[in-house]
Amino acid sequence: MQKSLQIKFKENPKMKEYLKLNSHWYKELNRSPSNYKKFENAMKDLYKIRTTDKINDALENIDLISSVLNVLN
């Protein structure tokens with residue numbers, strides 16, 4: 033595996049954890065470092081850290097706060 037990918041994994045604990053749990057990615061990343069984007073997308077899907085997930089979480093929090101305020105009134 034390329035050094036640049038190894039450094040990225042050391043910097044991001046979630047990536048490192050996902051790589052340990054899904055060891056088939058070692059083979060994919062060794063064959064072609066261009067598979068890194070696929071790896072990253074798969075990890076983001078699992079841990080729900082995509083931008084759309086963050087927006088949905090924020091909207092759910094706003095709805096929760098709104099309903100609590102309505103109950104208090």
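For the sequence shown, this note's numbering assigns the number 33 to the initial residue and increments by one for each residue that follows. Even glycine gets a Cβ: it sits at the ideal position worked out from N, Cα and C. Just so we're clear, the structure is a prediction, and the values are computed from it rather than from any experiment.
* **Collapsed DSSP secondary structure at isoleucine 94 in the structure displayed** => The count along the sequence shown starts at 1 and reaches residue 94 at position 62. Of the three classes helix, strand and coil, the one that applies to isoleucine 94 here is helix, per DSSP.
* Asked: Would you call the CB atoms of methionine 47 and lysine 40 closer than 8 angstroms?
  -> Position 15 of the sequence shown, counted from the start, is the residue given in the question as residue 47. Position 8 of the sequence shown, counted from the start, is the residue given in the question as residue 40. In this structure, lysine 40 lies closer than 8 angstroms to methionine 47 by Cβ.
* **Sequence-distant residues of its chain with Cβ nearer than 6 angstroms to aspartate 95 (five each side left out)** => Here residue 95 refers to the residue found at position 63 when the sequence shown is read from its first residue. For aspartate 95, where only same-chain residues beyond five positions count, there are no Cβ hits under 6 angstroms.
* Candidates Glu43, Phe71, Val103, Pro45, of which the one nearest serine 55 by Cα -> Here the question's residue 55 lines up with position 23 in the sequence shown. That would be Phe71, whose Cα lies nearest to the Cα of serine 55.
* To do: Can you give me the Cβ contacts of valine 103 inside the same chain, cut-off strictly under 6 angstroms, excluding the 5 residues immediately before and after it?
  => If you number the sequence shown from 1, residue 103 lands on position 71. Excluding positions up to five away in sequence, the list is empty.
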